[in-house]
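Residue numbering for the sequence shown follows our numbering, beginning at 105 and increasing consecutively.
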Amino acid sequence: MPSDLNHQHGQSLKRLLEKIGLIVPYELAPGVITFLTFLGYKIKALWTPNTDYTIRAASDYEIPFVATQPDEVLLRKDVQLVIITGYPSMTPQVITKALGVGKHVVCDVPLAMNGDHLVKIIQAVEYYPQLLAFNCYGMRAMNIYKEAKRLIGKGLIGSLNACEVKVKSGSLSCDQYNWTHDRHAGGGVLNLVGSHVIDLLTYLFDRRAVRVSGFVQCIPLSDASNASATDVRTRTVYRKTCADNFACFVLHFDGDFYVSVTLNALGSPDYFQEVLICGSVGQLVARNTSLFYVDLADSSPVEQLVCSESPTCQEVPFDYDECSDPRKRPSQHFLILYRLTFMKSLEVLHRSLFDSEARTADTSSALSHHGHIGDLTNFNDMLYVKSVIDAIRKSNDKKEWMKISS
């Protein structure tokens, strides 16, 4: 593509950020709108299920159109990029409709769908190669993991021996029953956290797992007899929580390389995440938002700080309306994860489309071949992650190693 056409193409993509349609739950809307506005996104249409809040938010943030249903966002002529988050069951239909009317799409993960539905979305994406269609496995976009990947490729820690991932958090569900309480709807620690970890491992090591052995369980956090009558009625009679809060699995990669992953959402007071990468001559430790290096050749190995993550996403406020129901508000641990994944991806998209080099090279390639813009992931990446999660659940049921379908 000639340089002048590249420039025009880049300017066109840059204008996408000025024509945003946002579909978001009322509970997440304050933080998402604030963050998009801070980055410079221009929201042209907004839908939340709470009409009163949507009207107030549109007035406060100068959003010109208040939608009464999601389809109205897609049909707006001044909307070119649709961002959808917080509605796993709704997302597949919105993506398909958005692509059908010529809109670009960025969505949250995980999607509440089976493999066949995901394949249909991939086919729809391939049918519209001129449109952007990305999802937000945002851990790979964090600076500490980008630096870890660079150092691994550079050979700083030698040949890879093993990797261990640990994530501890409190409950990822809100107090009132919603989709986060149901693994079939996209809830549970394996879907909400494990999906990001699986994608991150693929990114770090440039390879995909071939088989997996896993254990997944939903462990009751309290006895029903100690719960209030309302809790018992809500959770036991009318609704039964089936979202797993503990998962442990081992991924086997080509070359006899193994990664163990433990996901624990049983009530840790603080969100904790650690990725330990063991090499023949050194180790890399990504702990929360800092990356450390350990030189095993040293007679007294100690952790040396390599870099820390920018606090941009971590400082996003979620200020709730006084009339909002506290029981529906996302848990604090869910919001920490949300900042490190979805919001980080929005930051990457903004930076990539504004960067002149990305506009003329990476972005054009992505539109032509559905590759990656910056560190955004596409639906082929999601299909692989879905295959791994399905294999983990099958391994849990059959108590044996399961091959991961490609």
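Just so you know, even glycine gets a beta-carbon here, dropped at the ideal spot from N, CA and C.
DSSP places residue 409 in the uninterrupted beta strand (DSSP E) bounded by 407 to 412. C-alpha of residue 390 to C-alpha of residue 176: approximately 43 angstroms in a straight line. A distance below 6 angstroms between beta-carbons, with the five flanking residues on each side excluded, links residue 171 to the following residues of its chain, in chain order: 149, 151 and 177.
A direct Cα-Cα distance of roughly 6 angstroms separates residue 317 from residue 353.
The beta carbon of residue 359 is closer than 6 angstroms to none in its chain, skipping five residues each way along the sequence. Secondary structure of residue 229 (DSSP, three-state): helix.
Only residues of its own chain outside the window of five on either side were considered, and among them 315, 316, 495, 498 and 499 have a CB closer than 7 angstroms to the CB of residue 506, listed in chain order. Segment contact: the segment 241 to 253 against the segment 345 to 352, fewer than three CB-CB distances shorter than 8 angstroms; contact not assigned. For the segment 157 to 229, the full-length beta strand (DSSP E) segments reaching 3 residues or more read 185 to 188 and 208 to 211 along the chain. Under the three-state reduction of DSSP, residue 146 is assigned to coil, being neither helix nor strand. In this structure residue 291 is in contact with residue 277, their Cβ atoms being roughly 7 angstroms apart against a cut-off of 8 angstroms. The secondary-structure analysis by DSSP pairs residue 272 across a beta bridge with 368 and 376. The beta carbon of residue 210 sits closer than 6 angstroms to the beta carbons of 187 and 238 from its chain, once the five residues preceding and following it are set aside; these are given in chain order. In the DSSP assignment, residue 127 falls within the unbroken beta strand (DSSP E) covering 124 to 127. Excluding its 5 nearest sequence neighbours in each direction, residue 158 has C-beta neighbours in its own chain below 6 angstroms: 150, 152 and 170, listed in chain order.
At a Cβ-Cβ threshold of 9 angstroms, residue 120 and residue 208 count as neighbours. In the DSSP assignment, residue 321 falls outside any alpha helix (DSSP H) and within the unbroken beta strand (DSSP E) covering 313 to 321.
According to DSSP, residue pairing for residue 481 in a beta bridge involves 239. For residue 399, the uninterrupted beta strand (DSSP E) run begins and ends at 394 to 399, by DSSP.
Ranked by how close their Cα comes to the Cα of residue 491, the residues 302, 451 and 227 have 302 in first place. Annotation: residue 229 to residue 261 spans about 39 angstroms, alpha carbon to alpha carbon.
In the DSSP annotation of this structure, residue 297 is not part of any beta strand (DSSP E), being labelled neither H nor E. Ranking 489, 431, 502 and 437 by CA distance to the CA of residue 223 puts 489 first. In chain order, 382, 383 and 384 place their CB closer than 7 angstroms to the CB of residue 265, counting only its own chain and leaving out the 5 sequence neighbours on each side.
Residue 480 sits close to residue 240, with the two beta carbons spaced by under 9 angstroms.
Counting along the chain, the unbroken alpha helix (DSSP H) around residue 454 starts and ends at 448 to 458.
Ranked by how close their Cα comes to the Cα of residue 220, the residues 189, 487, 508 and 493 have 487 in first place. Within the same chain, and ignoring the five residues on either side of residue 413 in sequence, the residues whose Cβ sits closer than 6 angstroms to its Cβ are 246, 247, 248 and 393.
In the structure shown, residue 503 falls within a coil segment according to DSSP collapsed to helix, strand and coil. In this structure the segment 436 to 454 lies against the segment 126 to 141, because at least three pairs of beta carbons, one per stretch, are closer than 8 angstroms. Counting C-beta atoms within 10 angstroms of its own C-beta, residue 160 has fewer than 16 neighbours from the protein chains shown and is therefore classed as exposed.
If you look at residue 288, you'll find it isn't in any alpha helix (DSSP H); DSSP assigns it neither H nor E. The beta carbon of residue 485 lies closer than 8 angstroms to those of 239, 241, 303 and 306 in the same chain, with the five residues before and after it left out.
In this structure residue 437 touches residue 375 by the C-beta definition: roughly 5 angstroms separates them, less than 8 angstroms. Nearest C-alpha to residue 243 among 203, 300, 281 and 508: 300.
One alpha carbon belongs to residue 196, the other to residue 364, and they sit about 31 angstroms apart.
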